[in-house]
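Residue 7 in full-length UniProt numbering is what sits at position 7 of the sequence shown, and the numbering runs on without skipping anything.
Virtual Cβ for every residue (Gly too), placed ideally from N, Cα, C.
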Amino acid sequence: MLQQMLAGGSLVVVLLGCSVLALAIVLERLWALRSQAVTPRGLVDRVLARQITLSELHKGSPLGRVLVAGLMRRRHGVVAMREAMQSAGAQEVHQLERFLNALGTVATIAPLLGLLGTVVGMIEVFQQLNLGGAGQPQQLAGGIAKALVTTAAGLAVAIPSVIMHRFLLRRVSDNVVVLEGEAQRLLERLGVPAPARELELGENTDEIPTGDHNWE
Numbered sequence: 001m002l003q004q005m006l007a008g009g010s011l012v013v014v015l016l017g018c019s020v021l022a023l024a025i026v027l028e029r030l031w032a033l034r035s036q037a038v039t040p041r042g043l044v045d046r047v048l049a050r051q052i053t054l055s056e057l058h059k060g061s062p063l064g065r066v067l068v069a070g071l072m073r074r075r076h077g078v079v080a081m082r083e084a085m086q087s088a089g090a091q092e093v094h095q096l097e098r099f100l101n102a103l104g105t106v107a108t109i110a111p112l113l114g115l116l117g118t119v120v121g122m123i124e125v126f127q128q129l130n131l132g133g134a135g136q137p138q139q140l141a142g143g144i145a146k147a148l149v150t151t152a153a154g155l156a157v158a159i160p161s162v163i164m165h166r167f168l169l170r171r172v173s174d175n176v177v178v179l180e181g182e183a184q185r186l187l188e189r190l191g192v193p194a195p196a197r198e199l200e201l202g203e204n205t206d207e208i209p210t211g212d213h214n215w216e
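Rendered as structure tokens:
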């Protein structure tokens, strides 16, 4: 089978490279988009219980970085917190979608490369027929089969790439929904301004332990 594919010419080698690239992207994104890696369970509860430092929160996950963005703006009110979270969330979504455009490109160009290889192969077959006559039917069939190898290779790369591209986009969407819900839950719990009496007494009501990181 491998010999038949390699017989398709240089475009088959290009398609093999595309398949390796697509596989690498899929494996990396499957690992990076695990729900526990993006939106760890119970993280908001740990923040509310002050069981985690801002430094640890920022380094831990995309959800943690969104929460930190809001916490750092708590003194400025709920609107400022929400705007900060939305801005941080947009950056995190961009990171979650990393490499997915490349995977989509592979899914798009693979069948086109396969078709190009087939067209080139068929041109060569007809040129040989023009030079040497009809020849043996077996030789003609062999030349056509060789030309069609690139189409088969292109489809073999494109079909799973399209499926995984859709699947990974759906996983990003699911993670974003959870991320938005957790951010809103934090806003609902922390969005009420502290009573004036507590502020007059100098009690710090909007900080959680910062650890070694210097948060301004």
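query                                                                                                                                                     : result
Curious, which full-length alpha helix (DSSP H) runs of at least 4 residues does the region 44 to 128 contain?                                            : 54 to 60, 62 to 71 and 78 to 96
How is Pro40 classed by DSSP in three states: helix, strand or coil?                                                                                      : coil
Does the region 98 to 115 come close enough to the region 147 to 156 to have 3 or more Cβ pairs within less than 8 angstroms?                             : yes
Measuring only the C-alpha atoms, how far is Val78 from Leu187?                                                                                           : 7 angstroms
Helix, strand or coil, according to DSSP, for Gly9 in the structure here?                                                                                 : coil
Once you ignore the five residues that flank Glu97 on each side, which residues in its own chain have a CB closer than 7 angstroms to its CB?             : Val172
Does DSSP classify Leu15 as helix, strand or coil?                                                                                                        : helix
Distance, Cα to Cα, Val149 vs His94?                                                                                                                      : 37 angstroms
Count the CB pairs spanning the region 123 to 132 and the region 164 to 171 that are closer than 8 angstroms, and state whether there are at least three. : no
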